[in-house]
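Novice:
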Amino acid sequence: MSDLYAVADFCLIPIGTGNTSVAEEVAECQRVLAQSGLTYKMHGYGTNIEGPWSKVSQAIHDCHAAVHAKGSQRIATDIRIGTRIDRQISTGEGNVGKVARVEEILAKDS
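Heads up, the sequence shown is in full-length UniProt numbering, so the first residue is 1 and it goes up one at a time.
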């Protein structure tokens, strides 16, 4: 089987930065993701990212490396990853498709 297409959500949490804000570290991770070529979208408590499993996991690794390079001594990351093989998911449409399907169901309530 080829590389699984992964739809993931992750929250990178720098520990011991001496600052209550982690915005600088999150921005550094977003810079890494911008260079990854993957589809991603930041939200209030993490980032959705999708693409081949190996590239998604590499991008999360690269975020860790970049944030460590900026001085964070410890990082904890929560990750949820979903895959499916029952149908083809177009590149970049995994998270968009999930949201659109729920919105379609809710629109029937009107």
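Here a beta-carbon is modelled for each residue, glycine too, at the ideal position from N, C-alpha and C.
For ASP3 and VAL67, I'd like the C-alpha separation in whole angstroms.
Specialist: Roughly 27 Å between the two C-alpha positions.
Novice: For GLN73, I'd like the list of residues in its chain whose CB is within less than 7 Å of its CB, leaving aside the five on either flank, ordered along the chain.
Specialist: GLY16
Novice: Between the beta-carbon of THR91 and the beta-carbon of GLU24, is there less than 9 Å?
Specialist: no
Novice: Could you give the first and the last residue of the continuous beta strand (DSSP E) run that contains ILE89?
Specialist: No beta strand (DSSP E) contains ILE89, which DSSP labels as neither H nor E.
Novice: Please identify the residue among ASN19, TYR40 and GLY18 whose C-alpha is closest to the C-alpha of CYS11.
Specialist: TYR40
Novice: Answer yes or no: do HIS64 and THR47 have a C-beta to C-beta separation smaller than 9 Å?
Specialist: no
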